[in-house]
Amino acid sequence: MVHGLIVPCLTLKIREKLTWRLVLGAYSFPWEYDGKTGHFVVGDTVLVAETNKDQVEVHVYSLKNDCTDIDEKIIVSFFDLRNSYTEFYEKALKDPLLSEFAKKYYGWRPRQSDLWWATVIGVCQQNASFLQGWKMLASIIKLYGRRILVGNKELLVPPTPNDILKHPELLVQAKTGYRAETIMRVAKLFVEKPSSEIDFYDLISIKGIGEYTASLAMVLARREYWRAPIDRWLKRIIAHVYRVNDREAPKIYRRLWGNYQGLAALATTIALDAVPLRQALKRIDKGKTIPSIMDKPTPANMWMFTEYW
DNA sequence: TGCCAGGCGGGGT
DNA sequence: ACCCCGCATGGC
11 MVHGLIVPCL TLKIREKLTW RLVLGAYSFP WEYDGKTGHF VVGDTVLVAE
61 TNKDQVEVHV YSLKNDCTDI DEKIIVSFFD LRNSYTEFYE KALKDPLLSE
111 FAKKYYGWRP RQSDLWWATV IGVCQQNASF LQGWKMLASI IKLYGRRILV
161 GNKELLVPPT PNDILKHPEL LVQAKTGYRA ETIMRVAKLF VEKPSSEIDF
211 YDLISIKGIG EYTASLAMVL ARREYWRAPI DRWLKRIIAH VYRVNDREAP
261 KIYRRLWGNY QGLAALATTI ALDAVPLRQA LKRIDKGKTI PSIMDKPTPA
311 NMWMFTEYW
């Protein structure tokens, strides 16, 4: 149990209309988003985003009892407010798979992740379903038990690389299986080298991290949207939608999405509720290409399912 | 029960 | 460059 000392530093009213419900809610646990307010730990700060209709106010709190060096850039960067994403959405509106999603959620973009945790997210997605992977992540968070109190809200926070190295046995308890060894090697890298100096090649040279995982991490943490985290799931979907061989899928995706392959890949997982491949292909054939599952967790609604995590 | 699921690496050809 | 297999685990 860790309680940081929380100090309010600044508040910013945001003008951009971003389909905030999805910006704050996609891939969020219940302790991060409750349908109205988002709580996100960003480095040594906590961002609290309060929505009121389509108005949003973001408060930045310091975990270090010190507001020096804290400015609006943290918020701008976290939500990528400097970029409008129009080029992506122009493409998406014309795409057979993403047009409905783009129409309904125009302006959505991923929040910026911490590179360390983004890499763990990637590892937990390896050879596992959406639900299995995110259960692992929730289990890791709960077992290591880092918490921050913001007002009367208790935030659960992912373990640090040092936490992992100190208690590696909890990874097995979290049902990560053979991924535990990989996560430990990742933790070791992040202890040895400052996160800001770690790049794609550092990640991919770790045993257990391949192109998919490293690409996903760089998409989530660095917004390197030109990278293509194409797994078996997306490869088959691409082949199905654009009527090409599996083998040609990466080439076609690059041609179609160019600098936005990573963004398109993430949007696709949300649009199809990350259902397993067979179901995903059926959904595409039926034209159900926006989030629609309500009775179990999906990328779009996982914040509603307290009992699953 | 056995097999699959958002990968990966090692060992074959 | 390919192809193939094993790998922890949970869910069906």
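If you read the first sequence in the working numbering, its first letter stands for residue 11, the second for the next number, and so on. Note that CB positions come from ideal geometry on N, CA and C, so glycine has one too.
query, result
"Which one or two residues does DSSP pair with Pro-18 in a beta bridge?", "Tyr-71"
"Quick one, which of Gly-45, Val-58 and Met-312 has its alpha-carbon nearest Ile-24's?", "Val-58"
"I'd like to confirm the pairing. Which residues does DSSP put opposite Lys-163 in its beta bridges?", "Val-160"
"Might you give, ordered along the chain, the residues of its own chain that have their beta carbon closer than 8 Å to the beta carbon of Lys-27, omitting 5 neighbours on each side?", "Asp-64 and Gly-117"
"How is Asn-311 classed by DSSP in three states: helix, strand or coil?", "coil"
"Could you give the distance in angstroms between the alpha-carbon of Asn-172 and the alpha-carbon of Val-201?", "7 Å"
"Considering just the uninterrupted stretch of the beta strand (DSSP E) at Met-47, what are its terminal residues?", "Going by the sequence as given, residue 47 is Thr instead of Met. Note, Thr-47: beta strand (DSSP E), 47-52."
"Please determine, among Pro-106, Ala-128, Thr-29 and Ile-85, the residue with the shortest C-alpha to C-alpha distance to Trp-144.", "Ala-128"
"In or out: Met-304 buried (at least 16 other Cβ within 10 Å) or exposed?", "exposed"
"Look up Ala-59 in the DSSP assignment and give the residues it is bridged to.", "Gly-48 and Val-68"
"What's the gap between the Cα of Thr-192 and the Cα of Glu-221?", "14 Å"
"If you count every other CB in all the chains shown that lies within 10 Å of the CB of Tyr-99, and 16 or more means buried, which is it?", "buried"
"Kindly examine the ligand ADP and report whether one of its heavy atoms sits closer than 6 Å to the Cβ of Gln-65.", "As presented, the structure is devoid of all ligands, the ligand ADP included, so that no description of it is given."
"Thinking C-beta only, is Val-70 closer than 7 Å to Leu-34?", "no"
"Using a Cβ-Cβ cut-off of 6 Å (strictly less than) and excluding sequence neighbours within five positions of Leu-15, which residues of its own chain qualify?", "Asn-75"
"Enumerate, from N- to C-terminal direction, the unbroken alpha helix (DSSP H) stretches of 4 or more residues contained entirely within the segment 188-217.", "189-202 and 210-214"
"Buried or exposed: where does Pro-169 fall if 16 or more other Cβ atoms within 10 Å of its Cβ makes it buried?", "buried"
"Roughly how far, in whole angstroms, is the beta-carbon of Leu-282 from the beta-carbon of Arg-293, given that I think they are within contact range, below 8 Å?", "6 Å"
"Leaving out five residues on either side along the sequence, give the residues of the same chain with a beta carbon under 8 Å from the beta carbon of Asp-44.", "Trp-313"
"Compare the beta carbon distance of Val-56 and Val-167 with 7 Å and say whether it is the shorter of the two.", "no"
"Taking the alpha-carbon positions, what's the Thr-316 to Leu-153 distance?", "16 Å"
"Using only the alpha-carbon positions, how far apart do Asp-212 and Val-251 sit?", "34 Å"
"Looking at C-alpha atoms only, which residue of Ala-231, Gln-271, Arg-242 and Trp-267 is the closest neighbour of Arg-257?", "Arg-242"
"Could you give the first and the last residue of the continuous alpha helix (DSSP H) run that contains Ala-274?", "271-281"
"Alpha carbon to alpha carbon, how far is Pro-120 from Leu-291?", "24 Å"
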